[in-house]
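One structure is given here, and the rest of the page talks about it.
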Amino acid sequence: MSPTLDIQQPQPFDLVGQTILIAGNAAAFEGTLTISVTEGHDEYAGFTTVGSLGLRQFQGEIEIPASNSFQLNRLFVTLADDTGNENGPSVTIPVLFGPRILPGYRGWQPYTVQPGDTLSSIAQAQYGTADFAPIFEANQHVLANPNLIFPGQVLRIPRNDI
Numbered sequence: 001m002s003p004t005l006d007i008q009q010p011q012p013f014d015l016v017g018q019t020i021l022i023a024g025n026a027a028a029f030e031g032t033l034t035i036s037v038t039e040g041h042d043e044y045a046g047f048t049t050v051g052s053l054g055l056r057q058f059q060g061e062i063e064i065p066a067s068n069s070f071q072l073n074r075l076f077v078t079l080a081d082d083t084g085n086e087n088g089p090s091v092t093i094p095v096l097f098g099p100r101i102l103p104g105y106r107g108w109q110p111y112t113v114q115p116g117d118t119l120s121s122i123a124q125a126q127y128g129t130a131d132f133a134p135i136f137e138a139n140q141h142v143l144a145n146p147n148l149i150f151p152g153q154v155l156r157i158p159r160n161d162i
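Using the numbering used here, read the sequence shown as starting at 1 and increasing by one per residue.
Written out as structure tokens, the structure is:
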């Protein structure tokens with residue numbers, strides 16, 4: 001059987017905001033995909049329209065309310081063709097929820113680590129404080145230890161001022 005869900009956005013561990021944009025190519029029973037977002041404690045659901053007779057490009061979105069009850073910053077976005085039955089194809093993509101990482105999150109900027117940099121010094125230069133937690137959390141998919149970064153490594157700097 002050929003794949004009927006080709007999700008191109010978001011990619012695994014993308015940093016997302018309150019509105020999670022979803023795009024790709026898909027076909028589903030009656031042309032409808034269910035979208036759910038959870039981190040194990042809270043869940044939000046919606047749907048988007050896709051092809052019904054063959055793969056078709058689609059764009060969808062799901063809005064996460066500011067008053068959400070998420071306790072973790074790692075979310076799971078699931079797209080499922082479950083309108084025909086619960087055993088239809090599905091895809092789950094882990095993403096990082098920017099508003100849980102940095103209050104007021106609006107986007108991120110890339111930063112290339114320079115010789116002598118530490119996460120604290122980068123945070124001091126970017127935020128005016130040595131609190132590196134937002135930078136570490138936004139890069140948790142590539143950083144296992146906050147004391148171990150390398151020159152040339154590109155980090156995502158979450159921003160609430162862009």
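Glycine included, each C-beta is placed from N, C-alpha and C at the ideal position.
If we call anything under 9 Å between Cβ atoms a contact, is residue i one with residue j?
i, j, result
"Arg100", "Phe70", "yes"
"Gln140", "Phe13", "yes"
When the Cα atoms are used, what is the spatial distance from residue i to residue j?
i, j, result
"Leu21", "Tyr127", "27 Å"
"Pro89", "Asp82", "8 Å"
"Asn160", "Leu33", "32 Å"
"Gly24", "Gly98", "22 Å"
"Leu155", "Leu96", "14 Å"
"Thr19", "Ile64", "6 Å"
"Ala92", "Gln59", "Before going on, a small fix: residue 92 reads as Thr here, not Ala. Each residue's Cα considered, the two are about 16 Å apart."
"Met1", "Val77", "Residue placement at Met1 is flagged as unreliable, the pLDDT there being 46, under the threshold of 50; the coordinate-derived value follows with that caveat. Roughly 23 Å between the two C-alpha positions."
"Pro94", "Thr38", "10 Å"
"Leu5", "Ala27", "7 Å"
"Leu79", "Gly46", "10 Å"
"Ser120", "Gln57", "43 Å"
Using a Cβ-based criterion (distance less than 8 Å to any ligand heavy atom), does residue i qualify as near the ligand SAM?
i, result
"Gly54", "No copy of the ligand SAM appears in this structure; indeed no ligand is present at all."
Use the C-beta contact count for residue i: other C-beta atoms within 10 angstroms, 16 or more gives buried, fewer gives exposed.
i, result
"Asn145", "exposed"
"Ile162", "exposed"
"Leu53", "exposed"
"Gly104", "exposed"
"Val142", "exposed"
"Glu61", "exposed"
"Thr129", "exposed"
"Asn87", "exposed"
Between the Cα of residue i and the Cα atoms of the options, which residue gives the shortest distance?
i, options, result
"Asp131", "Leu102, Thr4, Arg56", "Leu102"
"Leu72", "Gly17, Leu55, Gly40, Thr129", "Gly40"
"Pro158", "Val37, Pro110, Phe47", "Pro110"
"Glu137", "Thr48, Phe29, Ile35, Leu75", "Leu75"
"Val16", "Glu43, Leu119, Ile135, Trp108", "Trp108"
Is the stretch 102-118 close to the stretch 146-158, with three or more CB pairs under 8 Å?
yes
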